[in-house]
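Data first, discussion second: the structure below is written as structure tokens.
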Amino acid sequence: MAQKSDPQRQPHEEPLQPYNPTRRGFLSVLGLAWLAFTGATLGTIGAMVRFLFPNVLYEPNPVFRAGYPSDYALDVVDERFKQSQGTWLVRDKDGFYALSTVCTHLGCTPNWLPSELKFKCPCHGSGFVMTGVNVEGPAPRPLERYKITLGDDGQIVVDRSQVFRQEKGQWSLPGSRLNYTA
Ligand code: FES
């Protein structure tokens with residue numbers, strides 16, 4: 218039987234051939250599909266495993282023991298817990314208080330200057346006297362104090378999860394200082 222000619226086809230064009238994939242071509246397409254499937258499956262499993270182990274920040278315990286009261290000299294800012302706990306301990310004639318080392322301006326860490334008897338912030342120049350009260354620079358309020366008590370074993374216990382703010386009248390609340398006159 219004579220084949221019908223395609224009326225759309227130009228005389229110089231080759232006749233269309235039916236698609237006839239080779240065995241090799243078929244296998245490579247199959248391989249790519251398998252790779253894509255495996256990748257997608259592994260990605261999904263990875264996402265599920267990631268979901269089982271969410272990002273968790275392990276904050277250090279806010280409560281720490283700071284030794285015995287007799288370990289501290291009078292009218293001295295003790296810096297032994299500045300780095301590890303972000304806390305200065307100060308002993309005055311009535312007892313102890315624990316100051317936060319976070320500047321109340323923008324959060325830098327001031328330095329204690331014993332010769333000038335003040336904390337001086339290196340970032341924008343705020344100054345705080347030994348009690349933590351701000352006296353110069355842009356800091357809008359005093360340093361914060363942490364809860365301080367005496368533990369059953371006779372050691373000073375500081376709890377950084379409880380904060381006392383002078384401008385809110387909290388420095389007179391129990392726990393804002395530890396009375397000790399021995
Ligand atoms: S952060 Fe301390 S003065 Fe600005």
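Each residue of the sequence shown is one higher than the one before, counting from 218 in our numbering.
For each residue, glycine too, the CB sits at the ideal point set by N, CA and C.
May I have the straight-line CA-CA distance separating residue 292 from residue 369, to the nearest angstrom?
Taking the first residue of the sequence shown as position 1, residue 292 is located at position 75. Taking the first residue of the sequence shown as position 1, residue 369 is located at position 152. Counting only the Cα atoms, residue 369 lies some 25 Å from residue 292.
Does DSSP classify residue 317 as helix, strand or coil?
Residue mapping note: residue 317 aligns to position 100 of the sequence shown, counting from 1. Shown here, residue 317 sits in a strand according to DSSP, grouped into three states.
Grouping DSSP H, G and I as helix and E and B as strand, with all else coil, what is residue 350?
Here residue 350 refers to the residue found at position 133 of the sequence shown. Of the three classes helix, strand and coil, the one that applies to residue 350 here is coil, per DSSP.
Any beta carbon of chain C sitting closer than 8 Å to that of residue 358?
Checking the listed chains, one finds no chain C in this structure; it contains a single protein chain.
Can you find a heavy atom of the ligand FES that lies under 7 Å from the Cβ of residue 391?
For this step, residue 391 is matched to residue 174 along the sequence shown. No - the ligand FES has no heavy atom lying nearer than 7 Å to the Cβ of residue 391.
On the DSSP letters alone, give me the boundaries of the alpha helix (DSSP H) that residue 379 sits inside.
Within the sequence shown, the letter at position 162 stands for residue 379. DSSP places residue 379 outside any alpha helix (DSSP H); the residue lies instead in the beta strand (DSSP E), whose first and last residues are 373-381.
Relative to the alpha-carbon of residue 311, which residue among 320, 290, 299 has its alpha-carbon at the smallest distance?
Taking the first residue of the sequence shown as position 1, residue 311 is located at position 94. From the listed residues 320, 290, 299, the smallest Cα separation to residue 311 is found for 290.
Shorter than 7 Å, the distance from the beta carbon of residue 355 to the closest heavy atom of the ligand FES, or not?
Position 138 of the sequence shown, counted from the first residue, corresponds to residue 355. It does: the Cβ of residue 355 is within 7 Å (strictly closer) of some heavy atom of the ligand FES.
Buried or exposed for residue 335, please, with buried defined as at least 16 other CB atoms from any protein chain shown within 10 angstroms of its CB.
Counted from its first residue, the sequence shown places residue 335 at position 118. When all chains shown are included, residue 335 counts as buried.
Are residue 375 and residue 283 close, meaning C-beta to C-beta below 8 Å?
To locate residue 375, count along the sequence shown from 1; it is residue 158. To locate residue 283, count along the sequence shown from 1; it is residue 66. Cβ distance < 8 Å, so residue 375 and residue 283 count as in contact.
Is residue 329 buried or exposed, if buried means 16 or more other CB atoms sit within 10 Å of its CB?
Here residue 329 refers to the residue found at position 112 of the sequence shown. Result: buried.
So, at 8 Å on beta carbons, what are the nonlocal neighbours of residue 393 in its own chain, with the 5 sequence-adjacent residues on each side left out?
In the sequence shown, counting from the first residue as 1, residue 393 sits at position 176. For residue 393, the CB contacts under 8 Å within the same chain, skipping 5 residues up- and downstream, are 314, 362, 364, 365, 381, 387 in chain order.
Report yes if the C-beta of residue 317 is less than 7 Å from at least one heavy atom of the ligand FES; otherwise report no.
Sequence index remark: in the sequence shown, residue 317 carries index 100 (1-based). No, the ligand FES has no heavy atom inside 7 Å of this Cβ.
Going by Cα to Cα distance, which pick from 307, 319, 287 is closest to residue 300?
What you label residue 300 is simply residue 83 of the sequence shown in a count that begins at 1. Shortest Cα-Cα distance from residue 300 to any of 307, 319, 287 involves 319.
Backbone CA spacing between residue 333 and residue 278 [nearest angstrom]:
Position 116 of the sequence shown, counting from 1, holds the residue named residue 333. Position 61 of the sequence shown, counting from 1, holds the residue named residue 278. C-alpha of residue 333 to C-alpha of residue 278: approximately 33 Å in a straight line.
If we call anything under 8 Å between Cβ atoms a contact, is residue 321 one with residue 359?
The count along the sequence shown starts at 1 and reaches residue 321 at position 104. The count along the sequence shown starts at 1 and reaches residue 359 at position 142. Going by beta carbons, residue 321 and residue 359 fall inside the 8 Å limit.
Beta bridge counterpart(s) of residue 308 as assigned by DSSP
In the sequence shown, counting from the first residue as 1, residue 308 sits at position 91. Residue pairing by DSSP puts residue 308 in a beta bridge opposite 293, 313.
Just the C-alpha distance for residue 265 and residue 391, rounded to the nearest angstrom, thanks.
Within the sequence shown, numbered from 1, the residue matching residue 265 stands at position 48. Within the sequence shown, numbered from 1, the residue matching residue 391 stands at position 174. Whole-angstrom Cα-Cα distance: 48 Å.
For residue 249, is the classification buried or exposed, using 16 other Cβ atoms within 10 angstroms of its Cβ as the cut-off for buried?
Taking the first residue of the sequence shown as position 1, residue 249 is located at position 32. Result: exposed.
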